[in-house]
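>
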Amino acid sequence: MSIHNILLVDDSKTELHYLSDILTKRGFSVRTAENGEEAMRRLEEAKPDLILMDVVMPGTNGFQLTRSITRDPRFVDVPVIMCTSKNQETDRVWGLRQGARDYVVKPVDANDLMAKIQALG
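So for the sequence shown, the UniProt record's numbering puts the first residue at 1; every next one is plus one.
(1) Which first and last residues belong to the alpha helix (DSSP H) in which residue 92 is found?
(2) Note down the Cα distance separating residue 31 from residue 82, rounded to an integer number of angstroms.
(3) In whole angstroms, what separates the C-alpha of residue 72 from that of residue 18?
(4) Helix, strand or coil: which one does DSSP assign to residue 22?
(5) With residue 40 as the anchor, note down where its alpha helix (DSSP H) starts and where it stops.
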């Protein structure tokens with residue numbers, strides 16, 4: 001699977017800008033969502049090749065949203081990478097148990113993120 005379209009879900013405008021910049025400079029098409037409801041609307045509009053998911057957000061958190069998306073038959077083939085400041089091993093394990101394919105801790109290292117994306121493609 002070739003990854004081109006990425007949905008970036010994060011409630012921080014700074015983080016959205018930073019990650020969008022990293023990804024668009026490397027040729028990815030990026031759409032953003034600032035919360036769970038907006039993320040679900042974006043998914044309905046167009047199915048991405050990859051979702052980068054923050055954990056700590058108002059309303060539905062990233063763990064809950066990842067669980068919903070990865071268990072939805074329409075999106076079961078869309079990989080999710082958790083992208084969060086929660087750096088405990090228990091958080092990483094929980095994220096993977098919710099259906100995430102990988103887990104990146106903020107501040108995000110661009111090369112590390114690219115390696116994880118390429119490993120999926």
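We put the CB at the ideal spot given by N, CA and C, even for glycine.
On the basis of the data shown:
(1) Within the sequence shown, numbered from 1, the residue matching residue 92 stands at position 92. In the DSSP assignment, residue 92 falls within the unbroken alpha helix (DSSP H) covering 89-97.
(2) To locate residue 31, count along the sequence shown from 1; it is residue 31. To locate residue 82, count along the sequence shown from 1; it is residue 82. Each residue's CA atom was taken as its position, placing residue 31 and residue 82 some 16 Å apart.
(3) Taking the sequence shown and counting its residues from 1, the one referred to as residue 72 is at position 72. Taking the sequence shown and counting its residues from 1, the one referred to as residue 18 is at position 18. About 29 Å.
(4) Numbered from 1 along the sequence shown, position 22 holds the residue referred to as residue 22. DSSP places residue 22 in helix when its eight states are reduced to three.
(5) Reading the sequence shown from its first residue, position 40 is the one you call residue 40. From DSSP, the alpha helix (DSSP H) with residue 40 extends over 36-45.
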